[in-house]
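Below is one structure; the comments refer to it alone.
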Ligand code: CLF
Ligand code: SF4
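Residue numbers (the working numbering): 1 to 290.
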């Protein structure tokens, strides 16, 4: 089960706190909030906050320029060498912001050994993949909430694609097509792909196992079934219970490895997953310094 990986990428995975549960207590990540714009509107998202697909909702991260992101990386990597992953996960969609590539380029030049990671809603994935490869992204998360356009049409309000606004099933079809094509192309190019799926009771809960089957076909490395946080247009929906989520994860497990230790990080989080240092006092941070 699962894709065959080379030695270098296996090392990267063993030091990636999200891809390997044994790495989560030893190795950390930095999120650089360089990507404020988004090109879609998910019904569970309130846009003045961080992207809910891979971030803690109700939190507004301060946006950094690529140069500021490099400086922050320099500072943090010097103090905390257990951080091996530098990622861009918002506050909007990284692929809708050129600053994502500028920041990665600067960081890659200075820190060629770190793993570059990012998350996306996948709309621009086929088009942006060459840029991702150029700057050296090696782990990628795509949020796939449905592979059936009728279901996805209930989850996404609209997508803005090549300057045009699409709604309903038409919007969903474009997004799903690009996600699946993009995931396939990314895996073929050697990127290790993780998929996040937001579990939305009454909307996609019965469908998630079908997504897992598709991920197996595509060669996706790991899947993270995240609970809905009910806000925005979905404020009236009940989030899944822990038992409901566990049952879905168990149903998906035969098809694709399940991540169960996600912390729904802020787009400016850094440190170990369980210990976001962006939220610590200077005093506490100094205790962890090497
Ligand atoms: Fe960040 Fe995401 Fe890369 Fe990890 S987070 S971009 S894969 S380095 Fe990790 Fe945070 Fe969960 Fe994301 S715990 S929200 S799964
Ligand atoms: Fe919000 Fe993220 Fe969806 Fe964009 S992709 S609308 S930022 S949850």
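Beta carbons are placed, not taken as given, at the ideal position from N, Cα and C, and that holds for glycine.
message: Checking 9 Å against the spacing of the C-beta atoms, do residue 62 and residue 205 come in under that value?
response: Residue numbering aside, residue 62 sits at position 62 when the chain shown is read from its first letter. Residue numbering aside, residue 205 sits at position 205 when the chain shown is read from its first letter. Contact: no.
field: Own chain residues within Cβ distance below 6 Å of residue 24, not counting five before or after
entry: On the chain shown, residue 24 is found 24 positions in, with the first residue counted as 1. In the same chain as residue 24, and ignoring 5 residues on each side of it, the C-beta atoms closer than 6 Å to its own belong to 17, 261 and 273, in chain order.
field: For residue 32, three-class secondary structure by DSSP
entry: Reading the chain shown from its first residue, position 32 is the one you call residue 32. Looking at residue 32 - three-state DSSP - the assignment turns out to be coil, as it is neither helix nor strand.
- prompt: residue 105: which of 73, 7 and 91 sits nearest, CA to CA?
  reply: As a working mapping, residue 105 is identified with position 105 in the chain shown. Considering only alpha carbons, the answer is 73.
- prompt: At what residue ranges does the region 165-249 contain a whole run of the beta strand (DSSP E), taking only runs of 3 or more?
  reply: Correct list: 192-199 and 222-227.
task: Have a look at 161, 178 and 117 and flag the residue whose alpha-carbon is nearest the alpha-carbon of residue 146.
output: What you label residue 146 is simply residue 146 of the chain shown in a count that begins at 1. Of 161, 178 and 117, the residue nearest in Cα terms is 178.
query: If we ignore side chains and look at the alpha-carbon of each, how far apart do residue 229 and residue 51 end up?
result: Here residue 229 corresponds to residue number 229 of the chain shown, with the count starting at 1. Here residue 51 corresponds to residue number 51 of the chain shown, with the count starting at 1. Put simply, the backbone Cα of residue 229 is about 12 Å away from that of residue 51.
query: What residue ranges within the region 91-177 form continuous beta strand (DSSP E) runs of no fewer than 3 residues, ordered along the chain?
result: Runs found: 115-120, 137-143, 156-161 and 164-167.
Rounded Cβ spacing between residue 191 and residue 237 (contact assumed at less than 8 Å): Counting from one through the chain shown, the residue named residue 191 turns up at place 191. Counting from one through the chain shown, the residue named residue 237 turns up at place 237. So it is not a contact: roughly 33 Å between Cβ atoms.
message: Given 8 Å as the limit, tell me if residue 196 has its C-beta closer than that to any heavy atom belonging to the ligand CLF.
response: Your numbering for residue 196 matches position 196 in the chain shown. Look at residue 196: its beta carbon is less than 8 Å from one of the heavy atoms in the ligand CLF.
message: Residues in the same chain with beta-carbon distance under 8 Å from residue 97, minus the five sequence neighbours each way, listed in chain order, please.
response: In the chain shown, counting from the first residue as 1, residue 97 sits at position 97. Sequence-distant partners of residue 97 (beyond 5 residues in either direction) whose C-beta falls short of 8 Å from its own C-beta, in its chain, are 34, 35, 36 and 37.
- prompt: Taking residue 86 as the reference, which of 99, 31 and 70 has the closest Cα?
  reply: Position 86 of the chain shown holds residue 86. Looking at 99, 31 and 70, the one whose alpha-carbon comes closest to that of residue 86 is 31.
- request: Compare the Cα-Cα distances from residue 94 to each of 137, 162 and 78 and report the closest residue.
  value: Locating residue 94 in the chain shown gives position 94, where the first residue counts as 1. Between residue 94 and the set 137, 162 and 78, the nearest pair of CA atoms involves 137.
- request: Report yes or no: do three or more beta-carbon pairs, one from the region 111-119 and one from the region 160-177, lie closer than 8 Å?
  value: In this structure the region 111-119 does not lie against the region 160-177, because fewer than three pairs of beta carbons, one per stretch, are closer than 8 Å.
message: Less than 9 Å between the beta carbons of residue 84 and residue 7, yes or no?
response: Here residue 84 corresponds to residue number 84 of the chain shown, with the count starting at 1. Here residue 7 corresponds to residue number 7 of the chain shown, with the count starting at 1. The Cβ-Cβ distance between residue 84 and residue 7 does not fall below 9 Å.
- prompt: How many whole angstroms separate the CB atoms of residue 208 and residue 248, which I take to be in contact at a CB cut-off of 8 Å?
  reply: For the purposes of this step, residue 208 is taken as the residue at position 208 of the chain shown. For the purposes of this step, residue 248 is taken as the residue at position 248 of the chain shown. Your pair residue 208 and residue 248 checks out as a contact, with CB atoms roughly 5 Å apart and the cut at 8 Å.
message: Please tell me whether, using a cut-off of 8 Å, the distance from the CB of residue 141 to the nearest non-hydrogen atom of the ligand SF4 is below it.
response: Taking the chain shown and counting its residues from 1, the one referred to as residue 141 is at position 141. Checking the Cβ of residue 141 against the ligand SF4 gives no.
- request: Have a look at residue 49 and residue 232 and give me their C-alpha separation to the nearest angstrom.
  value: Locating residue 49 in the chain shown gives position 49, counting from the first residue. Locating residue 232 in the chain shown gives position 232, counting from the first residue. Approximately 11 Å, taken between the alpha carbons.
task: Specify, as a first and last residue, the run of the alpha helix (DSSP H) that residue 84 falls within.
output: Stepping through the chain shown from its first residue, residue 84 is reached at position 84. Residue range 83-88 is occupied by the beta strand (DSSP E) that includes residue 84, with no alpha helix (DSSP H) assigned at that position.
query: Which residues mark the beginning and the end of the alpha helix (DSSP H) in which residue 67 is found?
result: The sequence position of residue 67 within the chain shown is 67, counting from 1. Residues 66-79.
query: residue 224: beta carbon under 8 Å from a heavy atom of the ligand CLF?
result: Residue numbering aside, residue 224 sits at position 224 when the chain shown is read from its first letter. At least one heavy atom of the ligand CLF lies less than 8 Å from the C-beta of residue 224.
query: Heavy atom of the ligand CLF less than 8 Å from the Cβ of residue 17, yes or no?
result: Within the chain shown, numbered from 1, the residue matching residue 17 stands at position 17. Yes, the Cβ of residue 17 comes within 8 Å of a heavy atom of the ligand CLF.
field: With 16 other Cβ atoms within 10 Å as the buried cut-off, status of residue 264
entry: Translated into positions along the chain shown, residue 264 becomes position 264. Answer is buried; the Cβ neighbour count reaches 16.
task: Check the DSSP bridge columns for residue 276 and list the partner residues they point to.
output: Along the chain shown, one-based indexing puts residue 276 at 276. Paired residue(s): 271.
field: Span of the beta strand (DSSP E) around residue 42
entry: As a working mapping, residue 42 is identified with position 42 in the chain shown. Looking at the DSSP string, the run of the beta strand (DSSP E) that includes residue 42 is 40-42.
query: By Cβ distance below 8 Å, which residues in the same chain neighbour residue 197 in space, the five residues on each side in sequence not counted?
result: Working through the chain shown from its first residue, we reach residue 197 at position 197. Taken in chain order, the residues that qualify are 143, 144, 145, 204, 208, 211, 223, 224, 225 and 226.
- prompt: Do residue 181 and residue 130 have their CB atoms nearer than 9 Å?
  reply: If you number the chain shown from 1, residue 181 lands on position 181. If you number the chain shown from 1, residue 130 lands on position 130. Against a cut-off of 9 Å, the Cβ pair of residue 130 and residue 181 comes out as no contact.
task: Excluding the 5 residues preceding and the 5 following residue 245 in the sequence, name in chain order all residues of the same chain whose CB lies nearer than 8 Å to its CB.
output: Taking the first residue of the chain shown as position 1, residue 245 is located at position 245. Within its own chain, the residues whose Cβ lies closer than 8 Å to the Cβ of residue 245, once the five positions on either side in sequence are excluded, are 199, 225 and 227, listed in chain order.
message: Less than 8 Å separating the Cβ of residue 41 from some heavy atom of the ligand SF4?
response: For the purposes of this step, residue 41 is taken as residue 41 along the chain shown, with counting starting at 1. Yes.
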